[in-house]
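In the order they appear, the protein sequences are chains A and B.
Under this note's numbering, read the first sequence as residues 168 to 321, first letter to last.
Under this note's numbering, read the second sequence as residues 850 to 1281, first letter to last.
The C-beta atom is built at its ideal place from N, Cα and C for all residues, glycine as well.
Note that the structure is predicted; figures quoted are calculated from it, not measured.
Below is one structure, written out as structure tokens; the observations come after it.
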Amino acid sequence: MLSAEEKHEIEKAISLVPVKKAAGIEALKIVQERRRWISDESLRDVAAFMDMSPEELDSVATFYNLIFRKPVGRHVILLCDSISCWVMGYENILEHLTKQLRIKYGETTTDGRYTLLPNCCLGTCDCAPALMIDNDLYRNLTIDQLDEILKKYE
Amino acid sequence: MEKPLTQHIRADQRPLTLKEYEQEGGYQAVRKVLKELAPKAVTAIVKESNLRGRGGAGFGTGMKWSFVPLDAPKPKYLIANADEMEPGTFKDRILLECTPHQLIEGMIVAAYAIQADVSYIYLRWAYKTAADAITRAIEEAEEAGYLGKNILGSGFDLEMHLHTGVGRYMCGEETALLNSLEGKRATPRAKPPFPQVSGLFGKPTIVNNVETLCCLPHIINNGADWFKQLSLTGDAGTKIYGVSGKVKKPGAWELPMGVTMRELIEEHAGGMQDGLKFRGALPGGASTDFLVEQHLDVKMDYTSVAAAGSRLGTGTLVILDDKTCPVGFVKNLEHFFAQESCGFCTPCREGLPWVEKILTSIDQGEGRSEDLKLLDFHVKYLGPGNTFCAFAPGAMEPLQSALKYFREDFERHIHDKACSYSRETLSIAGNV
């Protein structure tokens, strides 16, 4: 079931576009913001609200990297794995994160705190290596800073 | 040296408010076009200025606009492509975060020239600071009457919306971007019809890069000749160049179009880090051919870089040093392309993961002598003319030039059954 607030936000997005379907991605964003990920049930509810089949909406949802169709933790770590960060040794950051958090890419810590995902170039290549946690960007990363950064996210 | 695009960027990168921007001469170009110039005259000035698209393709901006039928019924659309996602590229981020009003002003000029009444800024998800700056700037511009109905009493209307994407490299391709804005998968469209005639929701549409749009107020204020004389070469204007990789001072700088690669690396980026030598560079993002030592004095403009066998692309260099493995470097690039292929056409969907697998096995010391031929085969069949859009041919550019300039590295990996470059990292954390 979509909440009244979700419906209201989605309706606002629909009002800005000439074709209802065009707000489909926006609708998924609105729901994901509140529920962290798009479950099959959420997908069916959004599709019904958008007059789309769940299959059609899912074809869109699964196309984009940042619509999560699997559960994620309270905080999502997006580690840049593109070329400048590779040259500058992002693999060291990855190794440290996987050791500390005991998760691989795509996994969530058992306490549901962090999910670790690779991410394409974050557009801050002069300050590589870089990562984002939720909405926050961290650059010129060194392993020493990582534990302090992680502590901020409960 | 004039730096029109970045002249108002403060040390702390706080964007100018509308009032501050106006005090610096901001929105004068909007006043000028709305009061003094016909739409066709604006296009003529931009054509005359020789402004070429800064997103990577380098197509003439005025020429692009001139294909929009001015008498077509509204709505017509103007879109700022702010989906900067080319690996190694970080130039538009600076303009988006620090000079949002300059972008909005450029968009109003462009929209007026093509008589668009609706505009979107298609911003990539990761640029949170930019999203905040743009949201505030649009509100300010609306309040001041630069956006909305009957702008400055001219009768010209323009609404502007910020759209943030949800992450996919393909969204930067202009027709895929249009599909994405329509709520669809970001797959490219067949051309013709070109977006100028049938674009967003089937209406005439122009998609321009952020840096391109930011040039417009200055061209209107100072004229086409002024814009041309900013450059050191035949390709007009200034350019925001960048350097990343193991140099002393990575960064981005606005410089006259046509500075050499050597000047960028040695002067602006402070030279290579101690103990490292320059081996090569991608001149403009992941999808451009390597340039090597013999090209250091190539002028970084569209024409000269093309003559050297590559593309200016986004003008942001990624440096390969002599202690970094070229095979690993290219493997990283092809992993990106294989992952980001939209999967719409077969050569790209099937060929790129194959290329990545071959490179992985070579990198891990499991390469076979016939693998190089197999890579050459892919370079040929994923090249121009065999795929639906420019994605796979772009992916082949760094590979084909690496096979040309660093072939002995590939051969040594295969012969030695190992990579001879030391990387501090030993283990990789699982598959993606």
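Element boundaries [beta strand (DSSP E), containing residue i]
i                       : result
residue 1010 of chain B : 1008-1013
residue 1103 of chain B : 1100-1105
residue 858 of chain B  : First-last for residue 858 of chain B: undefined, no H or E at that position.
residue 1262 of chain B : Careful: residue 1262 of chain B lies outside any beta strand (DSSP E), inside the alpha helix (DSSP H) at 1256-1265.
residue 131 of chain A  : Not covered by the structure: residue 131 of chain A. The range shown for chain A is 168 to 321.
residue 247 of chain A  : 242-247
residue 930 of chain B  : 926-931
residue 1220 of chain B : Taken as a continuous stretch (DSSP letters only), residue 1220 of chain B belongs to no beta strand (DSSP E), being part of the alpha helix (DSSP H) at 1220-1230.
residue 1129 of chain B : 1127-1131
residue 1056 of chain B : 1054-1058
Residue i at chain A interface by Cβ criterion, 9 Å
i                       : result
residue 1249 of chain B : no
residue 865 of chain B  : no
residue 1167 of chain B : yes
residue 1150 of chain B : no
residue 977 of chain B  : yes
residue 1259 of chain B : no
residue 1015 of chain B : yes
residue 1281 of chain B : Because residue 1281 of chain B carries a pLDDT of 34, less than 50, the predicted location of this residue cannot be relied on, and the following value inherits that uncertainty. Output row for residue 1281 of chain B: interface = yes.
residue 1188 of chain B : yes
residue 1007 of chain B : no
residue 1031 of chain B : yes
DSSP state of residue i mapped onto helix, strand, coil
i                       : result
residue 314 of chain A  : helix
residue 1088 of chain B : strand
residue 1235 of chain B : coil
residue 1251 of chain B : helix
residue 281 of chain A  : strand
residue 211 of chain A  : helix
residue 977 of chain B  : helix
residue 1071 of chain B : helix
residue 1276 of chain B : With a pLDDT of 38 at residue 1276 of chain B, under the threshold of 50, the predicted position of this residue should be treated as unreliable, though the coordinate-derived value follows. Looking at residue 1276 of chain B - three-state DSSP - the assignment turns out to be coil, as it is neither helix nor strand.
residue 999 of chain B  : coil
residue 320 of chain A  : coil
residue 993 of chain B  : coil
residue 1163 of chain B : coil
residue 960 of chain B  : helix
residue 876 of chain B  : coil
CB contact check: residue i to chain B, cutoff 9 Å
i                      : result
residue 193 of chain A : yes
residue 214 of chain A : no
residue 238 of chain A : no
residue 249 of chain A : yes
residue 244 of chain A : no
residue 311 of chain A : no
residue 179 of chain A : no
residue 231 of chain A : yes
Endpoints, the alpha helix (DSSP H) within which residue i is located
i                       : result
residue 1200 of chain B : 1195-1212
residue 198 of chain A  : 191-202
Inter-residue spacing [alpha-carbon to alpha-carbon] between residue i and residue j
i                       : j                       : result
residue 1165 of chain B : residue 1153 of chain B : 15 Å
residue 888 of chain B  : residue 943 of chain B  : 29 Å
residue 849 of chain B  : residue 249 of chain A  : A question about residue 849 of chain B goes unanswered here, because the residues of chain B that appear run from 850 up to 1281.
residue 1280 of chain B : residue 285 of chain A  : Unreliable placement is indicated for residue 1280 of chain B, whose pLDDT of 35 sits below 50; the coordinate value is still reported in the next sentence. Distance between the alpha carbons of residue 1280 of chain B and residue 285 of chain A is about 10 Å.
residue 301 of chain A  : residue 920 of chain B  : 46 Å
residue 880 of chain B  : residue 1011 of chain B : 23 Å
residue 922 of chain B  : residue 178 of chain A  : 27 Å
residue 239 of chain A  : residue 1219 of chain B : 43 Å
residue 254 of chain A  : residue 896 of chain B  : 40 Å
residue 1057 of chain B : residue 910 of chain B  : 8 Å
residue 226 of chain A  : residue 217 of chain A  : 14 Å
residue 201 of chain A  : residue 236 of chain A  : 14 Å
residue 1258 of chain B : residue 861 of chain B  : 44 Å
residue 321 of chain A  : residue 978 of chain B  : 23 Å
residue 1217 of chain B : residue 1260 of chain B : 9 Å
residue 305 of chain A  : residue 1183 of chain B : 25 Å
residue 899 of chain B  : residue 213 of chain A  : 47 Å
residue 961 of chain B  : residue 1155 of chain B : 33 Å
residue 1013 of chain B : residue 973 of chain B  : 6 Å
residue 1232 of chain B : residue 1241 of chain B : 7 Å
residue 855 of chain B  : residue 1090 of chain B : 12 Å
residue 1275 of chain B : residue 906 of chain B  : Because the pLDDT at residue 1275 of chain B is just 39, under 50, the model does not fix this residue reliably, and the point stays unresolved.
Contact under 9 Å by Cβ, residue i with residue j
i                       : j                       : result
residue 1092 of chain B : residue 1100 of chain B : yes
residue 205 of chain A  : residue 234 of chain A  : yes
residue 1244 of chain B : residue 1135 of chain B : yes
residue 975 of chain B  : residue 290 of chain A  : yes
residue 1104 of chain B : residue 850 of chain B  : yes
residue 883 of chain B  : residue 1062 of chain B : no
residue 1212 of chain B : residue 1268 of chain B : yes
residue 1189 of chain B : residue 1018 of chain B : yes
Listed by chain order, chain E residues near residue i by CB distance under 8 Å
i                      : result
residue 934 of chain B : Structure shown: chain E not included; protein chains present are A and B.
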